[in-house]
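Colleague: In this note's numbering, the protein residues as written are 21 to 339. Cβ coordinates follow ideal geometry from the N, Cα and C atoms, glycine included. Okay, here's the structure, questions in a sec.
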Amino acid sequence: MMYKNSILLGTIGGYRDRFHQFQKDRSLEERLEIAKTIPRTHGVEPVYPQDLGADGSGAAAVKASGLAVSAVNVNIKTEPKFRDGSFTSTDAGLRAETVQYIKTAMDLAADLGTDMITVCPLIDGWDYAFQADHQKQWGWTIEAFAAATAHRSDVKVSIEYKAYESRNHIVMPTMAKTLHLCDRVGAPNLGVTMDVGHALIAGECPAAELAIAHDAGRLFYVHFNDNDRGADWDMLPASVHLWQTLETLHYMRRIGYDGWVAYDVFTRTGDNVEAIASTFEIMEDLEKILDKLGQDTIESIIASGMPQQGYRDLVKGLL
Numbered sequence: 021m022m023y024k025n026s027i028l029l030g031t032i033g034g035y036r037d038r039f040h041q042f043q044k045d046r047s048l049e050e051r052l053e054i055a056k057t058i059p060r061t062h063g064v065e066p067v068y069p070q071d072l073g074a075d076g077s078g079a080a081a082v083k084a085s086g087l088a089v090s091a092v093n094v095n096i097k098t099e100p101k102f103r104d105g106s107f108t109s110t111d112a113g114l115r116a117e118t119v120q121y122i123k124t125a126m127d128l129a130a131d132l133g134t135d136m137i138t139v140c141p142l143i144d145g146w147d148y149a150f151q152a153d154h155q156k157q158w159g160w161t162i163e164a165f166a167a168a169t170a171h172r173s174d175v176k177v178s179i180e181y182k183a184y185e186s187r188n189h190i191v192m193p194t195m196a197k198t199l200h201l202c203d204r205v206g207a208p209n210l211g212v213t214m215d216v217g218h219a220l221i222a223g224e225c226p227a228a229e230l231a232i233a234h235d236a237g238r239l240f241y242v243h244f245n246d247n248d249r250g251a252d253w254d255m256l257p258a259s260v261h262l263w264q265t266l267e268t269l270h271y272m273r274r275i276g277y278d279g280w281v282a283y284d285v286f287t288r289t290g291d292n293v294e295a296i297a298s299t300f301e302i303m304e305d306l307e308k309i310l311d312k313l314g315q316d317t318i319e320s321i322i323a324s325g326m327p328q329q330g331y332r333d334l335v336k337g338l339l
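Following this line, the structure appears as structure tokens:
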């Protein structure tokens, strides 16, 4: 395993949906202490401003923990002011404030010893036909990321795309459109967070999307989880899509990905800390399966175009 495991600090705190709260709230300090006890943890992903504070005061606790930081996650969706959009708000002042969130997070990231922030613009999009001015939304998005990436060249801005939620349609729903945006902006420090669960609900093949992001030189970050493609359930990796997860890990090996991997895994039942510990163990076991199958065998199956005996050999390799 060449990559490094990171805990999204939100996954070991409170978790709720429209109907229930499933996990208890924990302070930043509590979550950092817990993270230190979970085996195979290499770092954490804190959220700005919810974890780090609008003034960045929470950075002191992260530093004191001694944990490395994979990226600063910028939340520009849940505060009431963002209800009608952040990057694509019709309010120019709010769009400017959104860009300032990114710039502040970039400064905090550098202060915390990482070279990356990640952002998922889930509130930017539309629900109904004729609800949004698509030309303006696209133009505002380009302008926002151009301004943000120009703030400092030593910190990467990684966009986590998603097909839907909170909007029925989101401005950046797929890998292809996100890479197109990166090209339109043109900044070398703008790239993509490839979330396996988000690729699945978009009807994508995670391994294929990872490959094209790498080819574009814009694969900055990877998130793992799983779902049934019906919704982004944030389940344990490979709990539904075993073969697709193994294929994604194989391509990470093939391209030599040695960056950070974080895990959007939220659990309704049981202990959420145990879920993250189990996630790390599952990922290690998946790597062992790849070792058992053997890279040469996998590559020969790919080269063969997967005739019947290829799938047979894959299945036998699990025995």
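What is the DSSP secondary structure of residue 161, counted as helix, strand or coil?
Modeller: helix
Colleague: At what residue ranges does the stretch 108 to 193 contain a whole run of the alpha helix (DSSP H), taking only runs of 4 or more?
Modeller: 112 to 131 and 154 to 169
Colleague: If you check the beta carbons only, do residue 97 and residue 109 fall under 8 Å apart?
Modeller: no
Colleague: Under the DSSP definition of a beta bridge, which residues are partnered with residue 27?
Modeller: Its beta-bridge partners are 64 and 283.
Colleague: Of all the options 181, 180 and 205, which has the alpha carbon lying nearest to the alpha carbon of residue 167?
Modeller: 205
Colleague: Please report the straight-line C-alpha distance between residue 60 and residue 25, rounded to a whole angstrom.
Modeller: 7 Å
Colleague: Considering only DSSP beta bridges, list what residue 205 is partnered with.
Modeller: Residue 205 pairs with nothing; no bridge assigned.
Colleague: I'd like the span of the alpha helix (DSSP H) that includes residue 268, first residue to last.
Modeller: 262 to 275
Colleague: Going by CA-CA distance only, name the one from 92, 220, 307 and 112 that's closest to residue 101.
Modeller: 112
Colleague: If you measure between the beta carbons of residue 230 and residue 211, is that distance less than 8 Å?
Modeller: In terms of Cβ geometry, residue 230 and residue 211 do not form a close pair [threshold 8 Å].
Colleague: Do you know how far the Cα of residue 223 is from the Cα of residue 162?
Modeller: Computed Cα separation, rounded: 25 Å.
Colleague: According to DSSP, what are the bridge partners of residue 89?
Modeller: 64
Colleague: Hey, would you say residue 271 sits closer than 8 Å to residue 178, going by beta carbons?
Modeller: For residue 271 and residue 178, no; Cβs fall outside 8 Å.
Colleague: With DSSP as the reference, please indicate the residues paired to residue 246 in a beta bridge.
Modeller: 255
Colleague: Which same chain residues, not among the five before or five after residue 266, have their C-beta less than 7 Å away from its C-beta?
Modeller: Only residues of its own chain outside the window of five on either side were considered, and among them 306, 309 and 310 have a CB closer than 7 Å to the CB of residue 266, listed in chain order.
Colleague: When you compare only the Cα positions, how much space is there between residue 248 and residue 92?
Modeller: 28 Å
Colleague: In this structure, what does DSSP give as the bridge partners for residue 212?
Modeller: 179 and 239
Colleague: Determine whether the Cβ of residue 45 lies closer than 8 Å to any Cβ atom of chain B.
Modeller: The chain inventory of the structure shown lacks chain B, comprising one protein chain alone.
Colleague: To the nearest angstrom, report how far apart residue 145 and residue 283 are at their CA atoms.
Modeller: 25 Å
Colleague: To which residues of the same chain is residue 185 closer than 7 Å at the C-beta, ignoring the five residues directly before and after it?
Modeller: 142 and 252
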